[in-house]
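The block underneath contains the structure these notes are about, expressed in structure tokens.
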Amino acid sequence: SALVELSGLEKTYATRTGDVHALSAVDLDISKGEFVAIVGPSGCGKTTLLKILAGLEDHTAGTASIGGHPIRTGNGDVGMVFQKATLLPWQDIAANVLLPLSLRRRPTSQDREKAAALLRMTDLEGFARKRPHELSGGMQQRAAICRALVHKPSLLLMDEPFGALDAMTRDSLNVEVNRIWRETGTTAVLITHSISEAVFLAERIFVMSARPGRIVDEITVPFDRERS
Ligand code: ADP
Ligand code: ADP
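For full-length UniProt numbering, count along the sequence shown from 1 and bump the result up by 1.
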């Protein structure tokens, strides 16, 4: 059965100048371990959809659940990666990766081992004691992916994670993300403007259109798990 179930999902933002109907009649099931991408023009509701999945924004109608539990704001069991690596500049990479755990409790030696293993997996082993500014943009995004995965979320959400990076860095990060996804078995949702990135990474691609934001097409990518 599906890990994520969205049914008849609607989102309207009430603003001073009137209502903005951001999402309409969104039906979407995502299986455990699946990698899906969401593509569509600016303003079609991609970020809104991701925020609802993350428990950062309420929906206004319909149902949304993860693992059979209704999503409520504040209870999201997700890891998020944003367009800009939002690492804390005054903390080293290891502390940044541990942040989702250290916000809840004092990290245990197991937590530190988990962070170290993620840094090894993303070839950042030697950078644990460095500050973010000492790393390239691509390395910072790899660290941000480690941080998103350290608390073993049921869902990894990525909002244009490599949009700010050059094409070569993007390509190598895509290979990296494919490897991380295969090695961790995580369920992943990627927002991207790049169809080629979506085809490279995802098993299914949902195409959205704007006014109001809705899913207008679903593409199943002929599939071979290992991309290189
Ligand atoms: P992008 O198109 O790259 O997703 P935007 O520049 O549209 O980003 O939005 C940046 C942030 O501002 C997002 O968090 C979004 O939810 C919020 N936002 C977008 N449009 C509005 C709006 N009309 N009023 C208030 N906040 C908005
Ligand atoms: P995308 O990520 O596809 O660019 P968004 O989800 O950011 O789309 O936005 C969808 C629509 O909702 C846009 O019309 C945007 O201006 C509007 N919107 C997004 N966030 C807000 C907000 N916080 N308040 C009001 N309107 C918003």
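The C-beta atom is built at its ideal place from N, Cα and C for all residues, glycine as well. Every value quoted in this text rests on a predicted model; they were computed, and no experiment measured them.
Cβ pair residue i, residue j closer than 7 Å
i: L51; j: D160; result: yes
i: L202; j: L191; result: yes
i: V208; j: G63; result: no
Which listed residue (the options) has its alpha carbon closest to that of residue i
i: I53; options: T87, Y14, P108, L125; result: Y14
i: D78; options: L158, K47, H194; result: L158
i: T221; options: L4, H134, A118, E35; result: E35
i: Q111; options: C147, V151, P90; result: V151
i: A149; options: D124, D172, T87; result: T87
i: L24; options: T61, K33, G56; result: T61
Local Cβ density within 10 Å of residue i, reported as buried at 16 or more and exposed below that
i: K115; result: buried
i: L10; result: buried
i: K12; result: buried
i: F128; result: buried
i: M169; result: exposed
i: T188; result: buried
i: P71; result: exposed
i: M89; result: It should be noted that the sequence gives Leu, not Met, for residue 89. By the 10 Å Cβ count, L89 comes out exposed.
i: E227; result: exposed
Residue i, DSSP secondary structure in three states
i: D20; result: strand
i: G127; result: helix
i: P42; result: coil
i: F163; result: coil
i: P71; result: strand
i: F36; result: strand
i: E11; result: strand
i: L191; result: strand
i: A65; result: strand
i: A55; result: coil
Identified DSSP bridge partners for residue i
i: I220; result: I206
i: P154; result: Its beta-bridge partners do not exist; DSSP assigns none.
i: I146; result: I146 is not bridged to any residue.
i: T87; result: Its beta-bridge partners do not exist; DSSP assigns none.
i: G138; result: G138 pairs with nothing; no bridge assigned.
i: R215; result: S210
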